[in-house]
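Peer 1: Let me begin by handing over the structure; questions about it come next.
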Amino acid sequence: MSMNRIELSKLYKRTKSDRDIFHELMPYKVKDILLVATYYDAYSIVREGQFSDKINGEYLQLNLYSAPRFVNATTNEEAMELLKERHFDMIIIMTGMDKEQPLSLSQKIRKFKPEIPLVLLVNNNSDLAYFSQASDIVKNNIDQVFVWNGSTRIFMAMIKYIEDKMNIEADVKLGDVRVILLVEDSVRYYSRYLPMLYTMIMKQTQNIIDDEDDNISETQKIIKVRARPKIILVSNYEAAQEVIDKYDENLLCLISDVRFPHNGVEDDQAGVKLIEYLREQQVDVPVMMQSTEVANALKASKLNAHFINKNSDTLATDVTNFLIDNLGFGNFIFRNPSGTKIAEAHSIEEFEEMLRTIPDESLIYHAQKNALSTWLMVRGEVYAAKLLRKHNVEDYKTVAEMRQYIMAVFERSRLKQLNGRIIPFRKNLIPSNHYILRLGKGSLGGKGRGLAFISNFISNVNFSNLIPEMKVRIPRTAVIGIEEFRNFLEINDFEAKVYLEQSYEEIEELFLAAPLPEKLSSKLYHFLETTKVPIAVRSSGLFEDSLKQPFAGVYRTYLLSNNQMMIEERLEKLEEAIKLVYASIFTDTARSYFKAVDYKIEEEQMAVVIQEVVGNNYNGKFYPTISGVAQSYNYYPFSYMKPDDGFAVMAVGLGMAVVGGEPAHRFCPKYPKLDNKSLKDQIRDSQKYFYAIDMNRTSFNLERDGENACIGKYTIKEAEEDGNLRLIASTYDAQNDRLEPGITAKYGPRVIDFANILKYNALPVAKSLELLLHIFKQAMGTPIEIEFSIDLDTKDRPTIYLLQIKPLLRQNDILEIDLDSVSRDNIMMHASNGMGNGEIEDIKDVIYVDLAKFDKLKTEDMAQEISQLNDKMKKLDRNYILVGPGRWGTRDKTTGIPVSWASISNAKVIVEQGLENFPLDASLGSHFFHNVISMNVGYYSMQPNSDEGDFDYDTLDNMQAEETITYFRHIHFDKPLRVLMDGRSQKMLVTYPD
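Residue 312 in my numbering sits at position 236 of the sequence shown; the count goes up by one each step and never skips.
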């Protein structure tokens, strides 16, 4: 798969967050209403103040978050003037004695402001006949007609009706909201139904919020209000059929009259036909048929619909009971087949718990009626409800199998909701690698922010399609927000002391002796109840790993075995580690760093990341199979690598060997088979030791032993005995002088080169890292570094765990070399093919081979001479630029000067030059290339007769040398040369001192 073809925008299927949904649901909100009423009506319901009070009261009672504002006009002229002066979201015209006035005004408004919804509110049922005769004017200019029933709830219903009408299509698409379809052509009846339905829906929504109040945020509360079921009111068959076809998957219920227009004429059986159509479309939702004719009850029964008599004195109660019994409104009443109540669930949490234990016959009873899915659906648990509704009782072999599936659905739904999110800690919420637990308020800090970004990213990219052989996860993670750090300082009265105290030892003692906030300590206790594997307690400073100034490696990280017998002991060690992480802001190293980057230490705040350590317990040693670091930009490419191909370094065990610069295996994820080391160097430089958490060390002192208090150092042979080198190591076959992938029966040194994985693709680790670097670089908009661990010892697919992500910044990234802007007379050397990055300002010495004395048969003698010169430079503590023909460090004396690394160790820039009779070998590079990388040495080559590189021999040959020996000249300058290396273009420029 070509990385160039992988575009992040196509991979990233963004799951909208609650905050996104909150802003986007119900985009049309009625905030300002123009109420046109006669002087009498205005005086009666507005001027006395009752109207506004009652409307606001209705909204407050239903816990709606904002009541609209009303502006009243008493004449047509006043209404039109107001429309010219200000914006309105809705217009309500109340009829008075003059019934022509509303009709003429509606026509004027429709012409002037056709986009504003307009409803007509008539005073009583007798007025409806008049407006029925003027149906054409009403139809063309008025959105809906309502009749005043003496309750201000009609105003709330009219407003919500308009909002639902304007928002329904977008809200269904965005929030998958439910739809109640009301088919009624009688103004009198829908003017009764709508206030009733909206009141029930709002109260039901508030009850759900009250039940979950401790577990949801204020934003989520508002979302639940906005994501309530929407009501669509239609008055004819065709409109109803269109709604069913369009919103079939979102339909919550159908409430239908029997007699209403069908094909333009009144049809006594329209409602029956509509319900039959609904059943034909296999839309399995509750149906309520309502009619003034009791004889229609039999038709309703045959259609498996409920029936309500519109003339009943208990109409409101009947409708309420239908909603509670069939739409999941109210608590869930568990019953046995005879209808006897056996339990009652007030919340989804209780509902789930009771489903585990209710009798089999009760479970079957409710499952057959789809009662479980209906109750979940009205609470916004759409995903779980749909999964349950897909299956019938007959689909399961046993009740136990059905119950197991239902429990699995709850777990799947929970993970789907929480996936990629930051979740406030709750006792019953088990840590997971699908989300991050927040143990305290405030910013997550740099590392925490990076992990939250990774978690969210993983939830939105289907890595299983891109890397089917491996999983991509984060470890189970919890973050203590920075407010807990502030609380810790405040409750212990440390704020003044710690910023004035200069002794880190004093601050460390203060912190260790002080208690953490009580609530935080309680959360940590409950966290440890479900976390019984080793944990890493990592710093996450506010500035740490930021895009502008990453404070990488400045603060502390502690790895804890977390295996003490008593949870109180484990809590004590965890709290101790947290306090030491807090204290690490005040170390001498941290203070120096703040000073260097011109920040004040008071500006820094500390969050703490607590992660489960990746790995398994092998004979008392806990460690991952592989740990590593990967960067998306490589300042030292060789062969046909490009800088943007990146690189990775991997080692066995914990990542300390990698980040500490100890022997580890370096490779390019795009070209994992490329290796520039000789066989001898591969054996010599292979990883000999690895790090693991010592699970036998249950007693340790973090203050005394520091970050390594729980860490053990072990030989690679012990990893082999643990059975972890099969895919990781190669065996040296001395008889044939070669490496054989894997652990062979033949005796020989083990070389940690990951050959089976990287060269023979036993696992697509290289491909996975290449992909991760590629897409995260796009996501962050800058070169990046990721820390990772790989667990091969799993029952499922091997897993890459991403531990950290941070920007890969160097101050000289913006360095550009433009030869045309520099005077040719001032250029000592330039090259366009090499590796290295940055500016060197302290080199005053150049050592180069005198071409007039060069003899390709004398390269071994040259190697001895440069070794003598290098010893001199080491004694003088001076670095230098080294220039010579052929390959430096080659074992073949006919292709270059066969020096060891020690012989040129003080060279900061090494240049290999090709000559006409001594061409530069275009091989993979010298066998000591890894030394060049680790020492950040510039390494460049110049081909003969090429414009891409040049060394000013003429000038240097005519200068006074500090030392001249058989083959070399040493030139010393009084002022430093200027050395510029651009890692992106692979160019280098050296200019003479000014």
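For glycine and all other residues, C-beta sits at the position ideal for the given N, C-alpha and C.
Which complete beta strand (DSSP E) runs does the region 1021 to 1053 hold, if anything under 3 residues is left out?
Peer 2: 1025 to 1027, 1044 to 1048
Peer 1: Does the region 344 to 356 come into contact with the region 366 to 379, if we say contact requires no fewer than three beta-carbon pairs (one atom in each stretch) closer than 8 Å?
Peer 2: The answer is yes - the region 366 to 379 touches the region 344 to 356, with three or more Cβ pairs under 8 Å.
Peer 1: Below 8 Å between beta carbons: does that hold for SER762 and ILE828?
Peer 2: yes
Peer 1: Could you check whether CYS329 and LEU391 sit closer than 8 Å to each other, using their CB atoms as the reference points?
Peer 2: no
Peer 1: Would DSSP call TYR580 helix, strand or coil?
Peer 2: helix
Peer 1: Excluding five sequence neighbours on each side, which residues of the same chain lie with their C-beta closer than 8 Å to the C-beta of ASP1050?
Peer 2: Residues LYS920, PRO1069 of the same chain have their beta carbon placed closer than 8 Å to that of ASP1050, with the five preceding and five following residues left out of the count.
Peer 1: Using only the alpha-carbon positions, how far apart do ILE986 and TYR1016 sit?
Peer 2: 6 Å
Peer 1: Under three-state DSSP, which class holds MET717?
Peer 2: Assigned with DSSP and collapsed to three states, MET717 falls in coil, not helix or strand.
Peer 1: Answer with buried or exposed for SER844, where buried requires no fewer than 16 other C-beta atoms within 10 angstroms of its C-beta.
Peer 2: buried
Peer 1: Go through its chain and collect everything with a Cβ distance to ILE1041's Cβ below 6 Å, but skip five positions before and after it.
Peer 2: GLU941
Peer 1: Under 6 Å Cβ to Cβ from ALA842, same chain only, skipping five residues before and after it: list those, please.
Peer 2: PRO745, PRO748, LEU834
Peer 1: Give the range of the alpha helix (DSSP H) segment to which GLN444 is assigned.
Peer 2: That run of the alpha helix (DSSP H) goes 436 to 444.
Peer 1: Identify every run of the alpha helix (DSSP H) within the region 150 to 197, keeping only runs that are complete inside it and at least 4 residues long; order them along the chain.
Peer 2: 152 to 161, 176 to 188
Peer 1: Ordered along the chain, which non-local residues of its own chain (more than five positions away) have a Cβ less than 8 Å from that of LYS306?
Peer 2: Answer for LYS306: ASP240, ASN243, ILE244, ASP247, VAL248, VAL253, ARG254, VAL255, ILE256, listed in chain order.
Peer 1: Could you please give me the residues that DSSP links to TYR747 through a beta bridge?
Peer 2: CYS744
Peer 1: With DSSP as the reference, label ALA316 as helix, strand or coil.
Peer 2: In the three-state reduction of the DSSP assignment, ALA316 falls in the helix class.
Peer 1: To which residues of the same chain is LEU179 closer than 7 Å at the C-beta, ignoring the five residues directly before and after it?
Peer 2: ALA210, ILE213
Peer 1: Quick one: what does DSSP say GLN825 is sitting in, helix, strand or coil?
Peer 2: Residue 825 is actually Pro in this sequence, not Gln. Reduced to three states, the DSSP call for PRO825 is coil.
Peer 1: Using 10 angstroms around the beta-carbon of PHE830, count the other beta-carbons present and answer buried if the total reaches 16, otherwise exposed.
Peer 2: buried
Peer 1: According to DSSP, which residues form a beta bridge with GLY914?
Peer 2: MET1057
Peer 1: CB-CB under 8 Å to THR368, same chain, minus the five flanking residues each way: which ones, in chain order?
Peer 2: The residues are ASN385, LYS386, ASN387.
Peer 1: At which residue ranges does the region 531 to 601 contain complete alpha helix (DSSP H) runs of 4 or more residues, listed in the order of the chain?
Peer 2: 539 to 542, 558 to 567, 571 to 576, 580 to 589
Peer 1: Which word fits VAL705, buried or exposed, when buried means at least 16 other C-beta atoms lie within 10 angstroms of its C-beta?
Peer 2: buried
Peer 1: Specify whether the region 865 to 882 and the region 688 to 696 touch according to this definition: at least 3 beta carbon pairs, one from each stretch, less than 8 Å apart.
Peer 2: yes
Peer 1: How is the beta strand (DSSP E) around HIS906 delimited, first residue to last?
Peer 2: Looking at the DSSP string, the run of the beta strand (DSSP E) that includes HIS906 is 903 to 907.
Peer 1: Quick one: what's got a C-beta closer than 6 Å to LEU452's C-beta in the same chain, skipping five residues either side?
Peer 2: ALA460, ALA461
Peer 1: As a quick exercise: from ALA724, LEU730, SER1061, pick the residue whose alpha carbon is nearest that of ARG742.
Peer 2: ALA724
Peer 1: What is the residue span of the beta strand (DSSP E) that SER1017 lies within?
Peer 2: Taken as a continuous stretch (DSSP letters only), the beta strand (DSSP E) holding SER1017 covers 1014 to 1018.
Peer 1: Should the region 931 to 946 be called in touch with the region 968 to 982, which here means at least 3 C-beta pairs below 8 Å?
Peer 2: Counting Cβ pairs under 8 Å, three or more are found: they touch.
Peer 1: Just to check my reading of the structure: GLU992 and PRO1020 have Cβ atoms closer than 8 Å, yes? What is that Cβ distance to the nearest angstrom?
Peer 2: Rounded, the Cβ-Cβ distance is 5 Å, consistent with contact.
Peer 1: Check whether the Cβ atoms of LEU636 and LYS649 sit closer than 8 Å, and answer yes or no.
Peer 2: For the pair LEU636 and LYS649, the CB atoms are nearer than the 8 Å cut-off.
Peer 1: On a Cα-Cα basis, can you pick out the residue from ASN812, TYR808, ASP813 that is closest to THR820?
Peer 2: TYR808
Peer 1: Hey, could you find the ends of the alpha helix (DSSP H) SER844 is sitting in?
Peer 2: 841 to 856
Peer 1: Have a look at GLN444 and MET364 and give me their C-alpha separation to the nearest angstrom.
Peer 2: 19 Å
Peer 1: Give a yes or no on whether the C-beta atoms belonging to ILE168 and LEU111 are separated by under 8 Å.
Peer 2: yes
Peer 1: Do ILE409 and GLU420 have their C-beta atoms within less than 8 Å of each other?
Peer 2: Closer than 8 Å, so yes.
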